[in-house]
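Numbering (mature numbering (1 follows the signal peptide of the UniProt record, and there is no 0)), first residue to last: -26 to -1, 1 to 142.
Beta carbons: idealized from backbone N, C-alpha and C, even for Gly.
Structure (structure tokens):
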């Protein structure tokens, strides 16, 4: 029994050495993600003042992440040839959303900010990384349409596009 606890203790001590560089990347991304999420919520609510604050915060956090990882991707993402471009695209999308908000196009900025979700989703997919959030994203677009009380049957083209995208 004593041997078991010694092995367990040594194993637990070694766990940090086995931590994934992707998990470091994901942890470093959390402040940006939280600010992005607030930006998505405040743009959806058409709140210009808070949207500017939140998207600026997101952009600042993302630029720090970009400077750290753009030319030094986590091991799990090194095989993704578009990694650097994808990371920079997030910065461009956030900049575009901020400009839209400042021009009073807050609702349009919401749609622009949503592109970040898909850039990161595609980046992880290219690396074979699937998160719970990615599974939830599978239904995000449909959920938004339902929440907005869009009657899908009135727009068969949109319904068909959504069905094809979801593999239905």
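Tell me which residues share the same chain as residue 138 and place their Cβ nearer than 6 angstroms to its Cβ, disregarding the 5 neighbours each side in the sequence. As a first step, residue 138 must be located in the chain shown, where it is residue number 164. Leaving aside the five residues that flank residue 138 on each side, none in its chain has a CB nearer than 6 angstroms to its CB.
Given a cut-off of 7 angstroms on the beta-carbon distance, is the pair residue 14 and residue 87 in contact? The residue labelled residue 14 in the question sits at position 40 within the chain shown. The residue labelled residue 87 in the question sits at position 113 within the chain shown. For the pair residue 14 and residue 87, the CB atoms are nearer than the 7 angstroms cut-off.
When the Cα atoms are used, what is the spatial distance from residue 100 to residue 54? Within the chain shown, residue 100 is the residue found at index 126, counting from 1. Within the chain shown, residue 54 is the residue found at index 80, counting from 1. Inter-residue distance for residue 100 and residue 54 is about 6 angstroms (C-alpha atoms, whole angstroms).
Report yes if the CB atom of residue 32 is closer than 7 angstroms to the CB atom of residue -1, and no otherwise. Here residue 32 refers to the residue found at position 58 when the chain shown is read from its first residue. Here residue -1 refers to the residue found at position 26 when the chain shown is read from its first residue. Contact flag unset, no.
Three-state secondary structure (DSSP) at residue 113? For the purposes of this step, residue 113 is identified with residue 139 of the chain shown, where counting begins at 1. Of the three classes helix, strand and coil, the one that applies to residue 113 here is coil, per DSSP.
Rounded to the nearest angstrom, what separates residue 134 and residue 96 at their Cα positions? Taking the chain shown and counting its residues from 1, one reaches residue 134 at position 160. Taking the chain shown and counting its residues from 1, one reaches residue 96 at position 122. So the two alpha carbons sit approximately 22 angstroms from each other.
Tell me which same chain residues have a C-beta within less than 7 angstroms of the C-beta of residue 12, skipping the five on either side of it? Taking the chain shown and counting its residues from 1, the one referred to as residue 12 is at position 38. Once the five neighbours on either side are set aside, the close Cβ partners of residue 12 are 28.
First through last residue of the alpha helix (DSSP H) which encompasses residue 28: For the purposes of this step, residue 28 is identified with residue 54 of the chain shown, where counting begins at 1. Note, residue 28: alpha helix (DSSP H), 22 to 43.
Give the range of the alpha helix (DSSP H) segment to which residue 13 is assigned. Within the chain shown, numbered from 1, the residue matching residue 13 stands at position 39. Taken as a continuous stretch (DSSP letters only), the alpha helix (DSSP H) holding residue 13 covers -6 to 18.
Measuring only the C-alpha atoms, how far is residue -9 from residue 26? In the chain shown, the residue the question calls residue -9 occupies position 18. In the chain shown, the residue the question calls residue 26 occupies position 52. With a pLDDT of only 37 at residue -9, under 50, the local geometry of the prediction cannot be trusted, and the value read off the model is given with reservation. Their backbone Cα atoms lie some 40 angstroms apart in a straight line.
Mind checking which residues open and close the alpha helix (DSSP H) that includes residue 51? To locate residue 51, count along the chain shown from 1; it is residue 77. That residue, residue 51, is in no alpha helix (DSSP H); it is neither H nor E in DSSP.
Start-to-end residues for the alpha helix (DSSP H) that takes in residue 81: Counting from one through the chain shown, the residue named residue 81 turns up at place 107. Looking at the DSSP string, the run of the alpha helix (DSSP H) that includes residue 81 is 80 to 101.
Could you have a look at residue 67 and say whether DSSP puts it in helix, strand or coil? Position 93 of the chain shown, counting from 1, holds the residue named residue 67. The answer is helix: DSSP assigns residue 67 an H, G or I state.
Quick check: what's the CA-CA separation for residue 37 versus residue 65? Numbered from 1 along the chain shown, position 63 holds the residue referred to as residue 37. Numbered from 1 along the chain shown, position 91 holds the residue referred to as residue 65. Between the alpha carbons of residue 37 and residue 65 lies a gap of roughly 7 angstroms.
For residue 23 and residue 131, the rounded distance between their alpha carbons: Taking the first residue of the chain shown as position 1, residue 131 is located at position 157. Taking the first residue of the chain shown as position 1, residue 23 is located at position 49. Looking at the two C-alpha atoms, the distance is approximately 36 angstroms.
With H, G and I counted as helix, E and B as strand and the rest as coil, what does DSSP make of residue 134? Residue numbering aside, residue 134 sits at position 160 when the chain shown is read from its first letter. DSSP, reduced to helix, strand and coil, places residue 134 within a helical segment of the structure shown.
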